[in-house]
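Down below is the structure, laid out as structure tokens.
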Amino acid sequence: GAGVSQSPSNKVTEKGKDVELRCDPISGHTALYWYRQSLGQGLEFLIYFQGNSAPDKSGLPSDRFSAERTGGSVSTLTIQRTQQEDSAVYLCASSSSWAGTGELFFGEGSRLTVL
Amino acid sequence: DQQVKQNSPSLSVQEGRISILNCDYTNSMFDYFLWYKKYPAEGPTFLISISSIKDKNEDGRFTVFLNKSAKHLSLHIVPSQPGDSAVYFCAAHKGGGNKLTFGGGTRVLVKP
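Chains as they are written, first to last, in the numbering used here: chain L, 1 to 115; chain H, 116 to 227.
Below you can see the structure in the form of structure tokens.
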């Protein structure tokens, strides 16, 4: 497809379980971002990948969160030992430039509910 | 520490009238500002942006104003249409990178 693709669109899990969220960016986009939006809140930055550079992990809220990007394309966000406060919509975005105008293209998000 | 703030969580306006959305920021290193629009169950989509070297940028019905001394920007939608009903996010970034810092959003409802 032409846009950013995320899966699953919805995930319900039990507290303490691990979850993986997947993002397939727009083809050719070198930069990939993960954000999350908790209920009634703005978008919170989590992590940023740019080409082969070391990722900017400054937004990850705890060591239970990790992300990788394989082959400069698909990315997986992993949350270990999920907690109820992890419930949110996790949004992935990609962009084509390193220091451009900041226009990010977002996917539709993965809604995570931790019971 | 909220570096980008949208103090009005919601706004209701009559169709055809002007919608004004406000955004304040604290980080003087921000030099590029953007507005995103988000419909339910969809990802945010880019709407309009402005560089810190400008004080106004216009695109059709949408105009963004930047007041650097006040660290304030606003989005004007004129005339407002029912299809403009959505959540609008203000965002900013510092030169040399694309990591955007977002505000909390303003939900706009345009009444027919």
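Don't be surprised by glycine CBs; every beta carbon is placed ideally from N, CA and C.
Every value quoted in this text rests on a predicted model; they were computed, and no experiment measured them.
Beta strand (DSSP E) segments (min. 3 residues) lying fully within the stretch 139-182 of chain H: Residue ranges of uninterrupted beta strand (DSSP E) with 3 or more members, entirely inside the stretch 139-182 of chain H and ordered along the chain, are 145-153, 160-166, 171-174 and 177-182.
Could you check whether the Cβ of residue 215 of chain H sits closer than 8 Å to any Cβ belonging to chain L? Look at residue 215 of chain H: its C-beta is under 8 Å from a C-beta on chain L.
For residue 30 of chain L, the three-state DSSP class (helix, strand or coil): Of the three classes helix, strand and coil, the one that applies to residue 30 of chain L here is coil, per DSSP.
Can you give me the C-alpha to C-alpha distance between residue 161 of chain H and residue 196 of chain H, rounded to a whole angstrom? Approximately 18 Å, taken between the alpha carbons.
Please classify residue 66 of chain L as buried or exposed, where buried requires at least 16 other C-beta atoms within 10 Å of its C-beta. Its Cβ having fewer than 16 others within 10 Å, residue 66 of chain L is exposed.
Pick helix, strand or coil for residue 113 of chain L, following the three-state DSSP scheme. Residue 113 of chain L falls in the strand class under three-state DSSP.
Which value, in whole angstroms, describes the spacing of the CA atoms of residue 223 of chain H and residue 202 of chain H? About 6 Å.
Just curious, the beta strand (DSSP E) that residue 95 of chain L is in, first and last residue? Segment 88-95, the beta strand (DSSP E) holding residue 95 of chain L.
List the endpoints of the continuous beta strand (DSSP E) containing residue 22 of chain L. Start and end: 19-24.
Excluding the five sequence neighbours on either side, which residues of its own chain have a C-beta within less than 8 Å of the C-beta of residue 26 of chain L, listed in chain order? The beta carbon of residue 26 of chain L is closer than 8 Å to those of 2, 3, 4, 94, 96 and 105 in its chain, skipping five residues each way along the sequence.
At a Cβ cut of 8 Å, what residues of the stretch 14-36 of chain L count as close to chain H, listed as they run along the chain? Those residues of the stretch 14-36 of chain L that come within reach of chain H (Cβ to Cβ, closer than 8 Å) are 31, 33 and 35.
So residue 47 of chain L and residue 64 of chain L are in contact, right, with Cβ under 8 Å, and what is the actual spacing, rounded? No, residue 47 of chain L and residue 64 of chain L are not in contact; Cβ-Cβ is about 13 Å, not under 8 Å.
Indicate whether residue 167 of chain H and residue 147 of chain H have their beta-carbon atoms separated by less than 8 Å. In this structure, residue 147 of chain H lies closer than 8 Å to residue 167 of chain H by Cβ.
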